[in-house]
Each structure stands twice: as C-alpha cells, then as structure tokens.
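Notes follow the structure.
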Amino acid sequence: MKILASPHLQAKVNALYTCLRDYQKVIVAFSGGVDSTFLAEAAQHALGDDALAVTAISDSYPIREMRAAQDIAKQIGIRFETVHTEELELEGYASNPTNRCYFCKTELFDKLRPIAEKYDVGTIVYGAIPDDVGDHRPGMDAAKRMGIQAPLIDVALTKAEIREISKAWQLPTWDKPAFACLSSRFPYGMRITRELLRQVDAAEQFLYDLGIRQFRVRHHGKLARIELEPAEMSRFLRTDARQQVSAHFRTLGYAHVTLDLQGYRSGSLNEGVAKIIMGKSV
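When the count follows our numbering, it moves up by one through the sequence shown with no breaks and lands on 306 for the last residue.
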C-alpha cells in the first residue's frame, strides 16, 4: 500500500495495522461511510482473508447506501456479507427515546455475534472516531458494554486525517458526505414506523437524484424541514428545483415543505436533547 507523505499519518496508520493484527481476525461493522470504509481497507491490508466486512440491511438504511457498501467492499477486496437487523421490533428503538441509538447498536452487534462465532472471529470492530467522543452517542455506550472495539479511537485518527489518508489511498469515500440512519430524521419522542422511514427515504432520494450531495430531510409530521449546505441553498432557490421538490414532497404526504435557513448540520435534532432529558418541552 502507498506510503503516505506525512510521517505523522503513516505512524498512525502503522499503529492501526498493529492493532488490527493483534486481533488476528476481525469483523468490521461496515456501513460504507467514510470511517468504516477506511477501517475496512486497513483491515483488509493488515489481515487479508481474516477480515470480514458485514453490512446491516434494515428499514433505516437506504437501499442506495447498501448497494454502495457492496460496491465499495468489492473494490477494496475485503470479504463481504450482509445481515438483517430488526431494530423496529424493539420498543426502546421504535418509541424513539434520546438513547435510541443504544438499541440500534445493540441489535446490530447481537446480529454480528453469530457470524463471528461461525468464522471463529474473536473481535468485532466499528468505525467510531475521536471526533465522536463527547457528543451524544449512546451507540458508543452499547459498543463499550458489548466489548466492541474502536481501533480508530485507539490510534487517535480524526475525521480530517481519515479523509486525507482515504484520498491518498484513492478510496471513493474520501469526500463522501456525512450520513446517519434515517431514524435520525425524527424528533425524539416521535414514534418511528416503516411507513415513515419509507416516506423520508423517498424524500431524500428525490434530493439525491437532483444532484444535491449533503442534505437532510427532517420529519415533523406533515412538515418536511430540508437542511442543505449554504452553497446549495442559492442554487436550490434560483432554479425550478424548489417547485419540483415541493410538488414531489406533497405526493409523499407532506403538507408543508420548508428550507432551514441555518443550513445542514449533523445531528441538528440533538440540539434539544438536554431539555428532553430534563423533561422540558422543545
């Protein structure tokens, strides 16, 4: 694999290889995003056929993302499997509490364990990074409780560094926009159903098909709140995309379609978490 121009980054990558080799065999929880793709590439380089990437198929994961993950795994050359998760069957997930992600990750890792046993793999790894530490990430609590390893945190590789190395390694995800499961589009406390997930998925697919790269459709009942990068807003407002989106979203069941003037920001629905936890309205 290509030696990096930065000795500092190469040292971190070498430390990651050592960490992965110490595990001997790993399953990578693989979403096809920036971090898990980078981790899968490193695992493939360090362990070869002793690394396996597994992607979860669920109602909260768009088909386009699943297909992209499969294509990326093939490009990397890592062994690849899928598993079906059923987090919507868990009341702790479907009721959408502030620790919803805890139940999601618990379901995922529970489904990965039989695969690990099948292939005699002792370690499951996932793409948590130092940037995630301190944010509202109940899924990390589930991973810690279940003994899931986060080697990117262990070697202190940040998001910016992962993107830089991914570019040098010519990974297709090096500049991929951030993505989170579709359930993150709903305010905490709003019950999540398959029908609502499909509604949001169809809305976001329409934006994706228009060529918009970074976006979120936040679901507020009959109101859809669209978050775009500031650079996308002016193009969106200047063209007929605005009318197209409004008309299409209405066919999906939204009575009102709004553009959030604050723009896209990851985890915007976490902004009221502290108030929710304290039992206050938001």
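Note that CB positions come from ideal geometry on N, CA and C, so glycine has one too.
Can you tell me whether residue i is buried or exposed? The criterion is at least 16 other CB atoms within 10 Å of its CB, across all chains shown.
i      : result
ARG218 : exposed
GLY213 : exposed
TYR150 : buried
THR182 : exposed
GLU65  : buried
LEU285 : exposed
THR275 : exposed
PRO138 : exposed
GLY163 : buried
ILE87  : exposed
ALA166 : buried
ILE81  : exposed
ASP83  : buried
TYR47  : buried
ARG307 : For residue 307 there is no data in the structure shown, the boundaries of the chain being 25 and 306.
LYS129 : buried
ILE301 : Because ILE301 carries a pLDDT of 46, less than 50, the predicted location of this residue cannot be relied on, and the following value inherits that uncertainty. When all chains shown are included, ILE301 counts as exposed.
VAL306 : Residue confidence is low: VAL306 scores 32 on pLDDT, short of 50, so the model does not pin down where it sits. No coordinate-derived value is stated.
ALA255 : exposed
GLU110 : exposed
GLU251 : buried
VAL145 : buried
Excluding the five sequence neighbours on either side, which residues of its own chain have a C-beta within less than 7 Å of the C-beta of residue i, listed in chain order?
i      : result
ALA298 : Reliability fails at ALA298, whose pLDDT of 49 lies under 50, so the model's placement of it is uncertain and no value is given.
ARG209 : VAL224, ARG240, VAL241, ARG242 and HIS243
ARG266 : PHE260
ASP178 : CYS43
ASP73  : ARG103
GLN34  : ILE27 and LEU28
GLU253 : GLN238, GLY287 and TYR288
HIS272 : PHE230
TYR85  : CYS205
Residue range of the beta strand (DSSP E) that residue i falls in?
i      : result
ILE250 : 247-252
ILE148 : 147-149
SER51  : Per the sequence presented here, residue 51 reads as Ile, with Ser not at that position. Residues 50-53.
Along the alpha helix (DSSP H) that carries residue i, what are the first and last residues, could you check?
i      : result
THR61  : 58-71
HIS272 : 265-275
PHE133 : 124-142
Excluding sequence positions up to five away, which residues of its chain have a Cβ less than 8 Å from the Cβ of residue i?
i      : result
PRO121 : TYR212 and GLY213
LYS304 : Residue placement at LYS304 cannot be trusted, given a pLDDT of 40 that sits under 50; what the coordinates show is reported in the next sentence. Excluding residues within five positions, none has a Cβ falling inside 8 Å.
LEU247 : TYR278, ALA279, HIS280, VAL281 and THR282
TYR126 : GLY116, PRO162, GLY163, ASP165 and ALA166
THR263 : none
TYR41  : ALA66, HIS69 and ALA70
Can you give me the Cβ contacts of residue i inside the same chain, cut-off strictly under 6 Å, excluding the 5 residues immediately before and after it?
i      : result
HIS32  : none
TRP198 : ARG187, SER190 and LYS191
ILE96  : GLY56 and THR61
VAL37  : none
LYS200 : VAL58
ALA75  : VAL50, ALA67, GLN68 and ILE102
PHE77  : The amino acid at residue 77 is misidentified as Phe; the sequence shows Ala. If we look at ALA77 and ignore the five residues flanking it on each side, its Cβ neighbours are VAL52, PHE54, ALA64, ALA97, ILE102 and PHE104.
Starting from residue i, follow its DSSP beta bridges and name the residues at the other end.
i      : result
ALA15  : As shown, the chain starts at 25 and ends at 306. That puts residue 15 outside it, with no answer to give.
THR282 : ARG249
Kindly provide the ranges of any beta strand (DSSP E) runs that are 3 or more residues long and lie completely inside the region 77-122, ordered along the chain. 103-108
In chain order, what are the residue ranges of uninterrupted alpha helix (DSSP H) at least 4 long that sit wholly in the region 155-192? 162-169, 175-178 and 183-192
Within the region 188-243, ranges of the alpha helix (DSSP H) (whole runs, at least 4 residues): 218-233
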